[in-house]
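Be aware that the sequence shown starts at 11, since it is given in this note's numbering, and climbs by one per residue.
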Amino acid sequence: MLTKLSQLLELIDKNHKPKRMILAASEDASSLTAVVEAAKKEIIRPILVGDLEKTRGMADIMKLDINDFEMIQADNPADAAAKAVKMIHDKEGDVLMKGKVGSSDMLRSVLNKEYGLRTGKLLSHFAYFEVENYHKLIALTDVAMNIAPNLTEKIAILNNAVNVLNNLGIEKPKVAVLGAVEKVNTEMGATLDAALLSKMNQRDQILNCIVDGPLAFDNAISLESARHKEIKSEVAGDTDLLLMPDIEVGNVLYKSLVFFANAKVASIIVGASVPIVLTSRSDSDQAKFDSILLAAVFAADR
Ligand code: COD
Numbered sequence: 011m012l013t014k015l016s017q018l019l020e021l022i023d024k025n026h027k028p029k030r031m032i033l034a035a036s037e038d039a040s041s042l043t044a045v046v047e048a049a050k051k052e053i054i055r056p057i058l059v060g061d062l063e064k065t066r067g068m069a070d071i072m073k074l075d076i077n078d079f080e081m082i083q084a085d086n087p088a089d090a091a092a093k094a095v096k097m098i099h100d101k102e103g104d105v106l107m108k109g110k111v112g113s114s115d116m117l118r119s120v121l122n123k124e125y126g127l128r129t130g131k132l133l134s135h136f137a138y139f140e141v142e143n144y145h146k147l148i149a150l151t152d153v154a155m156n157i158a159p160n161l162t163e164k165i166a167i168l169n170n171a172v173n174v175l176n177n178l179g180i181e182k183p184k185v186a187v188l189g190a191v192e193k194v195n196t197e198m199g200a201t202l203d204a205a206l207l208s209k210m211n212q213r214d215q216i217l218n219c220i221v222d223g224p225l226a227f228d229n230a231i232s233l234e235s236a237r238h239k240e241i242k243s244e245v246a247g248d249t250d251l252l253l254m255p256d257i258e259v260g261n262v263l264y265k266s267l268v269f270f271a272n273a274k275v276a277s278i279i280v281g282a283s284v285p286i287v288l289t290s291r292s293d294s295d296q297a298k299f300d301s302i303l304l305a306a307v308f309a310a311d312r
């Protein structure tokens with residue numbers, strides 16, 4: 011059972027070739043710090059795409075040695091995103107990372123019909139948290155890509171995340187589908203979707219996990235709270251994955267965990283032809299480094 015994000019390092023094959031990671035819009039101090047650290051540990055071989063004068067200037071100020079990295083000049087952040095995505099499309103990289111470019115701009119490039127990284131699957135965001143007062147790592151999805159997923163999209167988001175957890179060695183992750191309450195309320199759409207997902211799991215339409223919902227956040231993560239409300243659930247209090255009703259709930263929870271609870275996080279976009287590190291500007295160096303680590307665990311040699 012994974013309890014610390016640093017354990018992800020043990021999942022990287024000691025004989026692996028460092029993954030070629032393309033940083034789009036490399037003129038970003040905190041991304042550069044994480045990239046240099048990951049390169050030192052031979053997790054990745056970075057390729058920097060962006061404003062190279064600014065990138066070199068930042069590296070100088072922070073005393074980061076980037077001299078051995080491959081570098082490609084881009085005219086502006088959108089150009090950097092497009093160039094980086096095209097390089098991945100042409101199999102010149104194994105992992106993509108967002109630097110100083112907006113998330114939506116980066117994702118629009120990734121979804122580009124001609125040169126993007128679509129696979130026919132829904133792309134979704136997977137965030138893995140280390141929270142001090144929870145007994146294991148806990149995942150959140152989708153807090154950063156799909157804005158207001160319908161039921162079909164929630165099934166795809168759930169399957170994407172379960173696939174990640176299965177590959178991390180959790181054979182049957184426990185999935186809590188969140189609502190504001192744990193009883194189905196016909197006026198609350200999230201509770202209806204949750205009940206349907208739960209039933210689909212019981213009927214083997216969603217596999218390799220145990221799904222329960224609706225569960226409110228407290229009983230999803232606290233057995234005591236579940237017992238207090240007399241909820242009978244295999245998932246309550248022992249959740250591996252929290253499925254969000256929408257991006258607003260997800261993003262607020264993500265940031266609450268980071269800013270109020272001092273949680274550590276690693277996150278990636280899955281479902282594309284390569285894992286994508288899409289941390290936000292407010293994420294710490296730790297979050298960026300651990301996200302690179304998570305992406306490297308899932309990157310295939312191409
Ligand atoms: N997976 C696969 N294909 C997708 C997905 C997805 N998740 N989303 C859209 N597509 C495809 C559609 O089928 C369509 O073919 C094309 O992409 C465009 O679809 P639109 O018009 O619905 O999407 P866009 O381009 O308007 O927006 C896509 C974004 C990912 C940019 C948008 O959903 C978005 O802005 N998401 C939130 C990103 C964000 O701000 N995150 C930061 C939070 S910290």
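Glycine included, C-beta positions come from ideal geometry on N, C-alpha and C.
Quick check: what's the CA-CA separation for residue i versus residue j?
{"i": "H8", "j": "N169", "result": "With the chain represented from 11 up to 312, any question about residue 8 goes unanswered, as that position is not in the structure."}
{"i": "P183", "j": "I220", "result": "6 Å"}
{"i": "V105", "j": "L15", "result": "19 Å"}
{"i": "R291", "j": "V45", "result": "15 Å"}
{"i": "I257", "j": "I22", "result": "31 Å"}
{"i": "D230", "j": "M254", "result": "The residue you asked about is not Asp; residue 230 is Ala in the sequence shown. Going by the C-alpha atoms only, they are around 12 Å apart."}
{"i": "L58", "j": "R66", "result": "10 Å"}
{"i": "A84", "j": "E63", "result": "11 Å"}
{"i": "F299", "j": "G281", "result": "21 Å"}
Please classify residue i as buried or exposed, where buried requires at least 16 other C-beta atoms within 10 Å of its C-beta.
{"i": "K29", "result": "buried"}
{"i": "N156", "result": "buried"}
{"i": "I71", "result": "exposed"}
{"i": "L161", "result": "exposed"}
{"i": "T203", "result": "Per the sequence shown, the amino acid found at residue 203 is Asp instead of Thr. With 16 or more Cβ atoms within 10 Å of its Cβ, D203 is classed as buried."}
{"i": "K27", "result": "exposed"}
{"i": "N211", "result": "buried"}
{"i": "T196", "result": "exposed"}
{"i": "L133", "result": "buried"}
{"i": "S36", "result": "buried"}
{"i": "A310", "result": "exposed"}
{"i": "D214", "result": "exposed"}
Would you list the residues sitting across from residue i in a DSSP beta bridge?
{"i": "A205", "result": "BP columns for A205 are empty, so no partner."}
{"i": "Q83", "result": "G60"}
{"i": "F136", "result": "I278"}
{"i": "K101", "result": "Beta-bridge pairing links K101 to no other residue."}
{"i": "A149", "result": "Y138, L251"}
{"i": "L188", "result": "L225"}
Which whole-angstrom value describes the C-beta separation of residue i and residue j, a residue pair presumed to lie in contact below a C-beta threshold of 8 Å?
{"i": "A91", "j": "A34", "result": "5 Å"}
{"i": "F139", "j": "I148", "result": "5 Å"}
{"i": "A154", "j": "S113", "result": "7 Å"}
How about residue i: is its Cβ closer than 7 Å to a heavy atom in the ligand ATP?
{"i": "M155", "result": "Absence of the ligand ATP is noted for the structure shown, with the ligand COD being the only ligands found."}
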